[in-house]
Amino acid sequence: MSQINKQIKKQINKKHKKNNKRNIYQIKGKINSKSQFYCFKFINITIQTEQFVFTKEKVLNFRDQCTFLIQNLILMYPHHQFNFLLLNSERKKRVNQLNKRKQQRKNKKQQNINQQQKLKLQIKKWVKLTKKTKKLKKKKFKHNQKMKSQQIHQKSQQVINILFQIYFYFQKQIQQFKAKKYIVRKIQCQI
């Protein structure tokens, strides 16, 4: 049974790894397609004595980047590489999301393992307690039986002693009665 369980766990882990890899490749593909679509290079250009510098503070996501580029078409050059600093924030978000999901799965697995261990410990404690209580009940039962048998023996001894006392008392009474009869007969014979 344990070997079968191990094999099943291995197969499940392989499937999870494949699914995680697929998710990563899909997200990378999406990022690459966006980077190809927004393929441009930013250059410091002076237009009407105003200098446009593209920084992280100005643009935090792709939507803001698009609006900025539409407003300033001079900055867009389709055959140049996309500035890494701008894509970096979006990639970080995606990677962080993946890491959070992985961490949540790990946490759930760990919580399940911890709960199973707690349940096993509780079951072991319960089994130990039941065994102890059964032993204690048996001991109490045996002790109670001994006490009852001792009490019964003591009562029977008391009853026997009382019966012997009554018997000896009546024996004395009978002997005294016989002695009295004997004396009365002798007295009658003498008269």
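Start counting the sequence shown at 53; every next residue gets the next number (the working numbering).
Ideal Cβ placement from N, Cα and C applies to all residues, glycine included.
As the structure is a computational prediction, the values presented were derived from the model and not from experiment.
For the pair I79 and R146, the CB atoms are nearer than the 9 Å cut-off.
Put simply, the backbone Cα of K180 is about 27 Å away from that of K198. Each of Y234, K144, L150 and K224 was checked against the Cα of N75, and the nearest Cα belongs to L150.
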